[in-house]
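J.: Chains as they are written, first to last, in our numbering: chain A, 2 to 140; chain B, 2 to 140; chain C, 2 to 140; chain D, 2 to 140. Using N, Cα and C, we set each Cβ at its ideal position, and we do this for glycine too.
#1: Return the bridge partner residues of residue 124 of chain C from the DSSP annotation.
#2: Alpha carbon to alpha carbon, how far is residue 123 of chain A from residue 55 of chain D?
#3: So, at 8 Å on beta carbons, what are the nonlocal neighbours of residue 76 of chain A in its own chain, with the 5 sequence-adjacent residues on each side left out?
#4: Would you check if the segment 102–116 of chain B and the segment 113–132 of chain A touch, i.e. whether three or more CB-CB distances between them fall below 8 Å?
#5: Buried or exposed: which applies to residue 47 of chain A, given that a residue is buried once 16 or more other Cβ atoms fall within 10 Å of its Cβ?
#6: Determine whether the Cβ of residue 17 of chain C lies closer than 8 Å to any Cβ atom of chain D.
#7: Does residue 38 of chain B pass the burial test, meaning 16 or more other C-beta atoms within 10 Å, or should it be called exposed?
#8: Where does the unbroken beta strand (DSSP E) through residue 102 of chain A begin, and where does it stop?
#9: For residue 25 of chain D, which residues from the same chain have a beta carbon less than 8 Å from its beta carbon, with the 5 sequence-adjacent residues on both sides left out?
#10: State yes or no: is the C-beta of residue 90 of chain D within less than 8 Å of the C-beta of residue 96 of chain A?
#11: Which chain C residues are close to residue 93 of chain B, counting only those with a beta carbon under 7 Å from its beta carbon?
#12: What do you reckon, are the CB atoms on residue 115 of chain D and residue 57 of chain D nearer than 8 Å?
#13: Name the one or two DSSP bridge partners that residue 40 of chain A has.
#14: Using a 10 Å radius around the Cβ and a threshold of 16 neighbouring Cβ atoms, would you call residue 139 of chain A buried or exposed?
#15: What are the residues of the segment 36–66 of chain D that lie near chain B, defined by any Cβ-Cβ distance shorter than 7 Å?
#16: Measure from the alpha carbon of residue 49 of chain B to the alpha carbon of each residue in A:8, A:107, A:27, A:36, then state which is nearest.
#17: Using the rule of at least 16 other Cβ atoms within 10 Å of the residue's Cβ for burial, across every protein chain shown, is residue 70 of chain A buried or exposed?
#18: Please report whether the beta-carbon of residue 7 of chain D lies at a distance below 8 Å from any beta-carbon of chain C.
#19: At 7 Å on the CB atoms, spell out the chain C contacts of residue 122 of chain B, in chain order.
#20: Hey, out of A:112, A:53, A:10, whose CA is closest to residue 31 of chain A's CA?
#21: Looking at residue 42 of chain A: is its Cβ nearer than 8 Å to the Cβ of residue 11 of chain A?
#22: Taking Cβ positions only, does residue 102 of chain B come closer than 8 Å to chain C?
#23: Name, please, each residue of chain D whose Cβ falls closer than 7 Å to the Cβ of residue 83 of chain A.
#24: Which word fits residue 20 of chain B, buried or exposed, when buried means at least 16 other C-beta atoms lie within 10 angstroms of its C-beta?
#25: Out of curiosity, what's the CA-to-CA distance linking residue 88 of chain D and residue 15 of chain C?
#26: Considering only C-alpha positions, which residue in the set C:6, C:84, C:35 is nearest to residue 66 of chain C?
#27: With 16 as the cutoff for other CB atoms within 10 Å, does residue 108 of chain C come out buried or exposed?
#28: Which class does residue 47 of chain D belong to by DSSP, given the choice of helix, strand or coil?
#29: Counting only beta-carbon separations shorter than 8 Å, does residue 112 of chain B have a partner in chain C?
#30: Apart from the five residues on each side of it in sequence, which residues of its chain come closer than 7 Å, Cβ to Cβ, to residue 3 of chain D?
#31: If we ignore side chains and look at the alpha-carbon of each, how far apart do residue 85 of chain A and residue 85 of chain D end up?
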């Protein structure tokens, strides 16, 4: 069994993210995954982009697969940098722009959250609302 | 814009299905999709099989893509019958055993529910709890 | 350049197939492909199943790839027969039930037609209306 | 049931685009999709590139999946910009150069058109002939 977060916790994080998305009036797709990058829960808010179904899932996957927030992957993946080409590896599941975050407990990644549906800064704000809720729950 | 069910309705159907899954003590993965088979919401109950993440999603997809409950597809797909080979078409997304159901409004398919995680009879019972909730909401 | 049928001819075959589909009151997806199985034209009639978009395309592909009507592939693909397992080969593009037909000129396959959207017998009737139109045009 | 454009309308848009392609003497592949990015009709003009079969379909998909003309996606997807890496997400279906356009009715995306086969400026000209026809029909 994977060290993961429960469905109950996942839906709490999603609710916190949805509240932020409503506040900024931008419908989002929000995915919570376990430490192996596999889905715990995913919600597509009414009117959110279709592409975001796949992108939010893969942001969550990427955060688990590389144990890194996705926005930290863009720069090393640029031409001339060390990970140039990263975004086409791992069967196309790696997303290198912001909106995916690991969720940690005692220094270990135990799950992730991935958000897509707006500008990258909006995706990050909404995902961070989920991360904050996670931090409150695990304090 | 797809004529679909809202995220709010989707989570109500999932809650009804989860209640049934808890009653029979078998964790399930439950997906609600729109009429084009794209995800509205998906929940993986704690302890549910990993394979069920994909299978429940594809049961929901299949019910939309063929406007049919998935359990009706098994017999015609058997060797010697008219649709033998159906289960490997459509890029591997067609599931021909039970647990996927269309959700109708005024005779049109407007969404679907797909459940996976137990014996097929259990998957069907849990999905049907979601369908019943749908019928109550649309009466 | 592939020995193929023109777009003009393809749309004539599709029109003949659509007329048959309307006659039997069953909306279909109709694809005409060239001798390499690549698309010339595809029409999804209003209300036709989503799954049929992929299935009709792959019936057309299969008829080109194996130079055979798809309904002749079911029996040899059954358990115990010589091509058992055929339907999962070629990256999942092989369809072994009826509705795909080669279009020949002077004994060579120069294109194909693939139809999906109803019972297999209906798919075949509609595809055969396209084949008949082809035969009229090439007499 | 998807709020979409009919096959009849789709073929009218394709005819308008084909007329433009003939005017500039560059054969194109033209796809019309519904609001979920699924095919309504696709025509490959005689002599059009094989790659354009997939590219035109995915331009139509992208315009639906992100509710945006595809030419607006190039700049934000460049190295150093916010969506760098977008083109490899969503299972490889996102196209970030021009030729895909949403088709709107009362402010909602109800379908899309995607064109490929020439220089991007030519693809855009041909697609825009389809969009203009759409605007005439929905005035």
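T.: By the coordinates alone:
#1: Looking up residue 124 of chain C in the third chain gives position 123. Here residue 124 of chain C is not bridged, per DSSP, to any residue.
#2: For the purposes of this step, residue 123 of chain A is taken as the residue at position 122 of the first chain. For the purposes of this step, residue 55 of chain D is taken as the residue at position 54 of the fourth chain. Going from the Cα of residue 123 of chain A to the Cα of residue 55 of chain D covers about 31 Å.
#3: For the purposes of this step, residue 76 of chain A is taken as the residue at position 75 of the first chain. Within the same chain, residue 76 of chain A has close Cβ partners 82.
#4: Under the 8 Å Cβ criterion, the segment 113–132 of chain A does not count as touching the segment 102–116 of chain B, having fewer than three qualifying pairs.
#5: As a first step, residue 47 of chain A is located in the first chain; it is residue number 46 there, counting from the start. Under a 10 Å Cβ-count criterion, residue 47 of chain A is classified as exposed, with fewer than 16 other Cβ atoms of the shown protein chains found around its own Cβ.
#6: Position 16 of the third chain, counted from the start, is the residue given in the question as residue 17 of chain C. So no, residue 17 of chain C is outside the interface.
#7: As a first step, residue 38 of chain B is located in the second chain; it is residue number 37 there, counting from the start. For residue 38 of chain B, the number of other beta carbons within 10 angstroms of its own is at least 16, and it is reported as buried.
#8: Here residue 102 of chain A corresponds to residue number 101 of the first chain, with the count starting at 1. Unbroken beta strand (DSSP E) run through residue 102 of chain A: 101–106.
#9: Residue 25 of chain D sits at position 24 when you count from the first residue of the fourth chain. Closer than 8 Å at Cβ, skipping near neighbours: 119, 123, 126, 127.
#10: Here residue 90 of chain D refers to the residue found at position 89 when the fourth chain is read from its first residue. Here residue 96 of chain A refers to the residue found at position 95 when the first chain is read from its first residue. Cβ atoms of residue 90 of chain D and residue 96 of chain A: closer than 8 Å.
#11: Start at 1 with the first residue of the second chain, and residue 93 of chain B comes out as number 92. 93, listed in chain order.
#12: Within the fourth chain, numbered from 1, the residue matching residue 115 of chain D stands at position 114. Within the fourth chain, numbered from 1, the residue matching residue 57 of chain D stands at position 56. Yes. Within cutoff.
#13: Counting from 1 along the first chain, the entry for residue 40 of chain A is found at position 39. Paired residue(s): A:34.
#14: Here residue 139 of chain A corresponds to residue number 138 of the first chain, with the count starting at 1. The residue in question, residue 139 of chain A, is exposed, as its Cβ has fewer than 16 Cβ neighbours within 10 Å.
#15: Shown in chain order are the members of the segment 36–66 of chain D whose Cβ falls below 7 Å from a Cβ of chain B: 36, 37, 39.
#16: Translated into positions along the second chain, residue 49 of chain B becomes position 48. With distances taken between Cα atoms, residue 49 of chain B lies closest to A:8.
#17: Walking along the first chain from the start, residue 70 of chain A turns up at place 69. The residue is buried, with at least 16 neighbouring Cβ atoms inside 10 Å.
#18: Mapped onto the fourth chain, residue 7 of chain D falls at position 6. Flagged as an interface residue toward chain C: residue 7 of chain D, by a C-beta distance shorter than 8 Å.
#19: As a working mapping, residue 122 of chain B is identified with position 121 in the second chain. Per Cβ cutoff of 7 Å: no residues; residue 122 of chain B is ~25 Å from chain C at best.
#20: For the purposes of this step, residue 31 of chain A is taken as residue 30 along the first chain, with counting starting at 1. Checking every option, the nearest Cα to that of residue 31 of chain A belongs to A:53.
#21: For this step, residue 42 of chain A is matched to residue 41 along the first chain. For this step, residue 11 of chain A is matched to residue 10 along the first chain. Yes, Cβ-Cβ distance for residue 42 of chain A and residue 11 of chain A is below 8 Å.
#22: On the second chain, position 101 is the one that residue 102 of chain B refers to. False, the Cβ-Cβ gap to chain C never drops below 8 Å.
#23: The sequence position of residue 83 of chain A within the first chain is 82, counting from 1. The premise fails here: residue 83 of chain A is roughly 14 Å from chain D at the closest Cβ pair, so nothing lies under 7 Å.
#24: Numbered from 1 along the second chain, position 19 holds the residue referred to as residue 20 of chain B. Classification for residue 20 of chain B: exposed.
#25: Taking the fourth chain and counting its residues from 1, one reaches residue 88 of chain D at position 87. Taking the third chain and counting its residues from 1, one reaches residue 15 of chain C at position 14. Roughly 34 Å separates the two Cα atoms.
#26: For the purposes of this step, residue 66 of chain C is taken as residue 65 along the third chain, with counting starting at 1. Residue 66 of chain C has its Cα closest to that of C:35, out of C:6, C:84, C:35.
#27: For the purposes of this step, residue 108 of chain C is taken as residue 107 along the third chain, with counting starting at 1. Label assigned to residue 108 of chain C: exposed.
#28: Position 46 of the fourth chain, counted from the first residue, corresponds to residue 47 of chain D. Reduced to three states, the DSSP call for residue 47 of chain D is coil.
#29: If you number the second chain from 1, residue 112 of chain B lands on position 111. Taking 8 Å as the CB threshold, residue 112 of chain B stays off the interface with chain C.
#30: Translated into the one-based positions of the fourth chain, residue 3 of chain D becomes position 2. Only weak support exists for where residue 3 of chain D lies, its pLDDT of 48 falling under 50; the coordinates are left without a value.
#31: Within the first chain, the letter at position 84 stands for residue 85 of chain A. Within the fourth chain, the letter at position 84 stands for residue 85 of chain D. Each residue's CA atom was taken as its position, placing residue 85 of chain A and residue 85 of chain D some 12 Å apart.
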